Structure formats: C-alpha cells, structure tokens
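J.: First the structure, which I've put down as structure tokens, then a few questions once you've had a look.
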Amino acid sequence: SFVSYFFTWKVDQSFENGSVLSDASVTVENWSGKSGAKVASFFINYGFGISSFGIPFLLFILGFRLINIRLLPLRKTFLVTITLIILISMVSGYLFGTTGGFLGSGLGGNYGYFVTQWLNSVMGFFRYSFITAPCLTAVYFFHNTIKC
Numbered sequence: 389s390f391v392s393y394f395f396t397w398k399v400d401q402s403f404e405n406g407s408v409l410s411d412a413s414v415t416v417e418n419w420s421g422k423s424g425a426k427v428a429s430f431f432i433n434y435g436f437g438i439s440s441f442g443i444p445f446l447l448f449i450l451g452f453r454l455i456n457i458r459l460l461p462l463r464k465t466f467l468v469t470i471t472l473i474i475l476i477s478m479v480s481g482y483l484f485g486t487t488g489g490f491l492g493s494g495l496g497g498n499y500g501y502f503v504t505q506w507l508n509s510v511m512g513f514f515r516y517s518f519i520t521a522p523c524l525t526a527v528y529f530f531h532n533t534i535k536c
C-alpha cells in the first residue's frame, strides 16, 4: 500500500472523511484497497513521509523473528531503523518542506514538517542547520558502534 500511495495519493485524498471503510460507494485507487489507502495515508501523509518505509521493514524482521528465523539482531535493527525514520523525516521536512503538497504534506510527512517548523522557530534557520548536520554525521559514522 505504501508503494501504491506514491502513484495514487492525489486521487485518494478525497476519501479522508472517515467513512471510507464503511461506505461501499467510496472507491480508492490504492492497490491494497481501502484499508491500504487509509494505512498508507496515515503513515506517509500524517506520519513520517517517505521514511515510513522503515515500518514495513521492521514488521518484516519481527515477523521472521516470530517464527524463530533471525535475519538481523532485533534490538539493534529497531534502534537504528526508528532513529533513521525520525531523522530522515526531519531532514526531508527541512530540505523539501511541503513541496507543493506532494504526498499530501511533503516528503517528510506531517512529523518532519512540523518538527522542522518548530525547531526553526525556537533556534532559527541557521542554528538549526549547524546543529542538525553534525548530528546526522555522528549517526552516520557511529551507527556501527551500537552494541545491543
């Protein structure tokens, strides 16, 4: 449903009234149907934007762990993926803003956009830039040193 949302987000924006699941006359273009359109809109538009693709990845890893197949270390994978979801959303919101309403609320989603707006108002644009860049660099260089 997340991949389909990239192609059908504009058409499926009209169903946002809450009765999409109960009203049979409402049609959506998302390849996963009404529930897929609702879930994708929740995570990509109202949530973390493009970084929401980390959530199905985490569910995939967790699903294999439930049947005792260990693809990756669970704690480290969750820690790194959730950190990247938050940071990518913030950076996308910072760099692209709402990008003319692309995907509803921009590449960073509502979370990335509003957190960026709040941090810009608290710290200012340049100070936020100079604090965010070293943080991202530190995460990049030290992500292999997390011992979980």
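The numbers in the numbering used here rise by one with no breaks, and the one at position 115 of the sequence shown is 503.
Think of the CB as a built atom: it goes at the ideal place given N, C-alpha and C, for glycine as much as any other residue.
All values derive from a computational prediction rather than experimental measurement.
1. Less than 8 Å between C-beta atoms, sequence neighbours within five positions excluded: which residues of the same chain meet that for Ser493?
2. Contact between the region 439-446 and the region 466-482: three or more CB pairs below 8 Å?
3. Along the alpha helix (DSSP H) that carries Asn498, what are the first and last residues, could you check?
4. Going by beta-carbon coordinates alone, are Leu475 and Leu507 separated by less than 8 Å?
5. Rounded to the nearest angstrom, what separates Thr520 and Ser423 at their Cα positions?
6. So, Ile449 versus Leu459, is the Cβ gap smaller than 8 Å?
7. Going by the beta-carbon positions, is the gap between Phe484 and Leu495 smaller than 8 Å?
8. Quick one: measure Cβ to Cβ for Ala428 and Phe390, integer angstroms, because I've assumed they're closer than 8 Å.
T.: A quick look at the data gives this:
1. Taking the first residue of the sequence shown as 1, we reach residue 493 at position 105. So the list reads Asn433, Tyr434, Gly437, Thr486 and Tyr501, once near-sequence residues are dropped.
2. Flag = yes, the region 439-446 and the region 466-482 touch.
3. Taking the sequence shown and counting its residues from 1, the one referred to as residue 498 is at position 110. Residues Gly497 to Met511.
4. Against the sequence shown, residue 475 aligns to sequence position 87. Against the sequence shown, residue 507 aligns to sequence position 119. The criterion of a C-beta distance shorter than 8 Å is not satisfied by Leu475 and Leu507.
5. On the sequence shown, position 132 is the one that residue 520 refers to. On the sequence shown, position 35 is the one that residue 423 refers to. When rounded, the separation of the alpha-carbon atoms in Thr520 and Ser423 is 36 Å.
6. Residue mapping note: residue 449 aligns to position 61 of the sequence shown, counting from 1. Residue mapping note: residue 459 aligns to position 71 of the sequence shown, counting from 1. Yes, the pair counts as a contact, with Cβ atoms nearer than the cut-off.
7. As a first step, residue 484 is located in the sequence shown; it is residue number 96 there, counting from the start. As a first step, residue 495 is located in the sequence shown; it is residue number 107 there, counting from the start. Inclusion of Phe484 and Leu495 in the CB contact set at 8 Å is warranted, their separation being smaller than that value.
8. For the purposes of this step, residue 428 is identified with residue 40 of the sequence shown, where counting begins at 1. For the purposes of this step, residue 390 is identified with residue 2 of the sequence shown, where counting begins at 1. That pair is a contact at about 5 Å.
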